[in-house]
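J.: 311 is the number of the first residue of the sequence shown in the numbering used here; add one for each residue after it. We put the beta carbon where it would ideally sit given N, CA and C, even for glycine. Remember, it's a predicted structure, so these values are computed and weren't measured experimentally. The structure follows.
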Amino acid sequence: MNSTQKFAAIIVGAGHAGVEASLAIARCGFPALVITMDINAIARMSCNPAIGGLAKGHIAREIDALGGEMGLAADATGIQFRMLNKSKGPAVWAPRAQADKKQYELYMKRVLESEKNLTLRQGQVVELLVKDGICYGVRTKEGETFLGEHVIVTTGTFLQGLIHIGEEKFPGGRRDEPPAVGLSASLRNHGIELVRFKTGTPPRLHQKSIRWEILEEQQGDEPPHPFSYRTKNFRVTQLPCHLTHTNEKTHEIIRKNLNRSPLYSGRIVGVGPRYCPSVEDKVVKFPDKKNHQIYLEPEGRDTPEIYMNGFSTSLPKDVQEAALREIRGLENAEILRFGYAIEYDAAPPTQLKHSLETKKINNLYFAGQINCTSGYEEAAAQGLMAGFNVIRKLCGGSEFVLDRTEAYIAVMIDDLVTCGTNEPYRMFTSRAEFRLLLRQDNADDRLMFYGHQFGLVSEKNFAEFNARMDRIRRDKEELKAKRIGSDTLYQYLKRPEISHNLLINKGIHSCQLTSDEIHSVETEIKYEGYIDQQRREVQKFSKLEKRKIPTETNYDKVPGIGREAKEKLKKIQPESIGQAARIPGISSCDLSLLAVFIEKNKQEARKK
311 MNSTQKFAAI IVGAGHAGVE ASLAIARCGF PALVITMDIN AIARMSCNPA
361 IGGLAKGHIA REIDALGGEM GLAADATGIQ FRMLNKSKGP AVWAPRAQAD
411 KKQYELYMKR VLESEKNLTL RQGQVVELLV KDGICYGVRT KEGETFLGEH
461 VIVTTGTFLQ GLIHIGEEKF PGGRRDEPPA VGLSASLRNH GIELVRFKTG
511 TPPRLHQKSI RWEILEEQQG DEPPHPFSYR TKNFRVTQLP CHLTHTNEKT
561 HEIIRKNLNR SPLYSGRIVG VGPRYCPSVE DKVVKFPDKK NHQIYLEPEG
611 RDTPEIYMNG FSTSLPKDVQ EAALREIRGL ENAEILRFGY AIEYDAAPPT
661 QLKHSLETKK INNLYFAGQI NCTSGYEEAA AQGLMAGFNV IRKLCGGSEF
711 VLDRTEAYIA VMIDDLVTCG TNEPYRMFTS RAEFRLLLRQ DNADDRLMFY
761 GHQFGLVSEK NFAEFNARMD RIRRDKEELK AKRIGSDTLY QYLKRPEISH
811 NLLINKGIHS CQLTSDEIHS VETEIKYEGY IDQQRREVQK FSKLEKRKIP
861 TETNYDKVPG IGREAKEKLK KIQPESIGQA ARIPGISSCD LSLLAVFIEK
911 NKQEARKK
């Protein structure tokens with residue numbers, strides 16, 4: 311059966327990437343079709359039901375500033391909110407929300423179903439329709455054909471998914487959900503390279519079987535802080551999380567059964583995430599560590615399931631049970647669902663442009679875990695960027711590509727496209743060169759203009775943002791105008807022991823700022839020297855980014871550069887000297903020779 315409607319975009323998959331991509335396109339007035347294997351599993355949190363965290367919180371804030379939905383969903387369904395890293399500098403402060411897993415799914419399902427330009431369809435895509443190097447639609451396992459001007463593939467862990475629990479293995483995209491079979495073959499047939507990656511999840515425990523009274527309780531922040539600037543009058547009854555630890559007895563049980571772990575027996579061939587390792591990996595790779603933290607986190611308000619954050623595993627069921635029962639507070643724990651590992655197909659992201667469009671096939675985009683990333687936030691950000699670039703194409707505009715100096719989203723995409731990755735990519739603040747400029751508290755200042763430009767940030771919300779920026783600017787001017795002794799209040803506030811609130815409480819200064827606005831003012835003033843230094847570094851960085859490399863550059867003809875450099879330059883096709891400099895294996899000598907070659911060609915072209 312063929313669809314008679316031609317969509318502006320077809321989104322394959324309705325996880326976190328698919329949701330943001332489809333909503334952006336539909337909200338900009340273009341008809342979008344979402345095809346998902348289960349319309350009751352939209353934006354399912356297959357691992358920890360949490361949004362944000364270290365660096366991920368920055369991305370979630372950026373998604374919100376651009377007009378995405380993730381922050382609103384977290385605020386509407388959150389059960390605990392915390393600002394992490396508050397003992398450190400403001401550049402690494404990171405918001406995190408524990409969410410109600412089921413309510414998050416239902417929220418996103420309602421949002422998609424209520425969007426007038428969006429069509430939801432249950433089905434399994436098995437084939438891409440490509441002609442003359444252009445993707446124009448998809449075909450499903452059910453025999454349906456759908457036509458679309460653009461296709462965004464957001465398949466998560468479902469491509470040829472294979473689940474491992476000890477010696478047991480079976481096909482699955484998630485536990486109790488079938489894998490996507492067929493699309494991998496279609497991708498390969500069209501020249502897309504695929505690799506095998508692996509991720510995992512921990513057991514879920516019954517809350518009544520845990521000895522909560524002997525565990526360390528961890529409450530949320532009071533008052534809780536929302537993710538989204540659109541969330542007003544924020545009120546939430548928060549649930550506590552609890553902390554416990556593994557111990558030597560736990561580790562000994564794991565060590566004795568490593569031969570039964572698919573991770574160490576060779577049954578798993580996929581590469582796993584280095585920075586979110588299984589408990590087996592922790593025990594083997596850190597033999598001197600006597601214990602590892604385990605956070606026990608509720609999966610929702612109306613479920614007894616408790617998530618064992620820090621105990622991801624694919625060990626056999628009997629070993630999982632024996633190991634966790636040696637953990638303080640879990641002596642009588644009842645396992646509702648056992649942990650497992652999952653292998654899946656992913657596409658090395660060096661096959662993509664910065665727009666997330668594939669280099670080999672026009673109008674075909676990849677977003678999310680198919681691009682070798684991990685995490686809901688990383689996936690959602692890619693989905694939003696793919697959606698923005700489809701919108702730009704539909705409007706006849708140029709690619710929409712954020713700069714590394716503007717957003718963590720840009721750092722992630724540039725890392726993926728330029729350097730690739732040999733393991734599931736996870737965002738860290740240390741990946742950003744200019745992280746003092748990319749704070750979670752100034753995401754709106756950095757990016758809301760773009761969200762408004764695309765029409766995803768309303769006139770009302772943009773006006774509120776501009777009013778907020780005006781209040782902050784006026785407060786800084788007033789601080790510069792007022793004096794205390796020989797210093798202005800602006801200079802006085804640079805002292806470590808002086809706070810904005812102290813000036814207010816002592817009657818030295820008055821303002822009408824919110825607590826968030828006060829924090830922004832104080833951060834900008836106290837770190838002004840470091841911020842100015844980073845802005846100067848940004849100017850140097852931008853000079854290299856502006857030195858564009860012509861698309862027709864023949865790297866084989868660049869004299870003097872090595873074979874490895876030529877191969878990598880041909881594969882990545884960098885857009886600028888700055889991007890070329892970030893490709894592993896490209897030396898400063900190679901860059902100099904390339905720059906001379908480009909300039910020489912420009913001069914010869916002028917003479918003609």
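1) Using the rule of at least 16 other Cβ atoms within 10 Å of the residue's Cβ for burial, across every protein chain shown, is G453 buried or exposed?
2) Buried or exposed for H830, going by 16 or more other Cβ atoms inside 10 Å?
3) Using a 10 Å radius around the Cβ and a threshold of 16 neighbouring Cβ atoms, would you call Q679 buried or exposed?
4) Tell me the DSSP secondary structure of T739 in three-state form.
5) Identify whether D486 lies in helix, strand or coil by the three-state DSSP scheme.
6) What residues in its chain sit with their C-beta under 6 angstroms from that of F710, if we drop five residues either side in the sequence?
7) For T560 versus E636, is the C-beta spacing smaller than 9 angstroms?
8) List the endpoints of the continuous beta strand (DSSP E) containing S572.
9) Identify whether C729 lies in helix, strand or coil by the three-state DSSP scheme.
10) Roughly how many whole angstroms lie between the Cα atoms of T613 and T387?
11) In chain order, which continuous runs of the alpha helix (DSSP H) of length 4 or greater are located wholly inside the segment 755–793?
12) Looking only at its chain, what residues have a beta carbon closer than 6 angstroms to the beta carbon of L525, apart from the 5 residues adjacent to it on each side?
13) How is L267 classed by DSSP in three states: helix, strand or coil?
14) Spell out a yes or no on whether the segment 426–445 and the segment 339–352 are touching, meaning 3 or more CB-CB pairs, one atom from each, closer than 8 angstroms.
15) For the candidate residues E532, P608, F507 and P583, whose alpha-carbon lies nearest to that of K518?
16) Whole angstroms is fine: what's the gap from A643's alpha carbon to P550's?
17) Using 8 angstroms as the threshold, is the segment 565–577 in touch with the segment 394–408, meaning 3 or more CB pairs across them?
18) For a test of the three-state rule: what should DSSP assign to Q432, helix, strand or coil?
19) Is it buried or exposed, K366, if we count other Cβ atoms within 10 angstroms and call 16 or more buried?
20) Could you give the first and the last residue of the continuous alpha helix (DSSP H) run that contains D591?
21) Helix, strand or coil for G367? Go by DSSP, reduced to three states.
22) So, under 8 angstroms CB-CB, E459 and N672 are touching, yes? Tell me the CB distance rounded to an integer number of Å.
23) Do you know how far the Cα of G888 is from the Cα of V727?
24) Measuring CA to CA, which of P626, T668, V579 and M618 is closest to E653?
25) Report buried or exposed for L812, applying the criterion of at least 16 other Cβ atoms within 10 angstroms of its Cβ.
26) To the nearest whole angstrom, what separates the beta carbons of G362 and A690, a pair I think is in contact under 8 angstroms?
27) Nearest to T625 by CA position, among P512, I604 and N681, is which residue?
28) Please go through the segment 664–735 and give each complete beta strand (DSSP E) segment of 3 or more residues, from N-terminal end onward.
29) For the structure I just gave you, are there three or more beta carbon pairs, one from the segment 654–661 and one from the segment 467–484, closer than 8 angstroms?
30) Among the residues of its own chain, which have a CB less than 8 angstroms from the CB of E641, if the five just before and after it don't count?
31) How is the alpha helix (DSSP H) around H516 delimited, first residue to last?
32) Note down, one range per segment and in chain order, each beta strand (DSSP E) of at least 3 residues found wholly within the segment 323–392.
33) Output the distance between the C-alpha atoms of G761 and E372, rounded to the nearest integer angstrom.
34) Starting from the C-beta of D531, find all residues in its chain whose C-beta is less than 7 angstroms away, skip the five residues before and the five after it, and write them out in chain order.
35) Use the C-beta contact count for E688: other C-beta atoms within 10 angstroms, 16 or more gives buried, fewer gives exposed.
36) In whole angstroms, what separates the C-alpha of R584 from that of K770?
T.: Let me spell this out:
1) Sixteen is the threshold: since fewer than 16 other Cβ atoms of the shown chains lie within 10 Å of the Cβ of G453, the residue is exposed.
2) In the sequence as displayed, the identity of residue 830 is Ser instead of His. Around the CB of S830, 16 or more other CB atoms lie within 10 Å, so the residue is classed as buried.
3) buried
4) It is helical.
5) coil
6) If we look at F710 and ignore the five residues flanking it on each side, its Cβ neighbours are F698, N699 and R702.
7) yes
8) Note on identity: in this sequence residue 572 is Pro, with Ser being the wrong assignment. No beta strand (DSSP E) holds P572; the alpha helix (DSSP H) holding it covers P572 to S575.
9) helix
10) Cα to Cα, T613 sits roughly 14 angstroms from T387.
11) 769–791
12) H552, T554 and G639
13) Because the chain is modelled from 311 through 918, residue 267 falls outside the range shown and cannot be assessed.
14) yes
15) Taking only the C-alpha atoms, the option nearest K518 is P608.
16) Going from the Cα of A643 to the Cα of P550 covers about 18 angstroms.
17) No: fewer than three Cβ pairs fall under 8 angstroms.
18) strand
19) buried
20) V589 to K595
21) helix
22) Incorrect: roughly 11 angstroms between the Cβ atoms, too far for contact.
23) 13 angstroms
24) Answer by Cα proximity: V579.
25) exposed
26) Going by Cβ atoms, the distance from G362 to A690 rounds to 11 angstroms, so no, they are not a contact pair.
27) The sequence given here has Leu at residue 625, not Thr. Nearest option by C-alpha distance: P512.
28) Runs found: 674–676.
29) yes
30) Correct list, in chain order: R521 and R635.
31) Looking at the DSSP string, H516 is not in any alpha helix (DSSP H); the run it does join, the beta strand (DSSP E), is R514 to H516.
32) 342–346 and 360–362
33) 10 angstroms
34) F391, R392 and M393
35) buried
36) 43 angstroms
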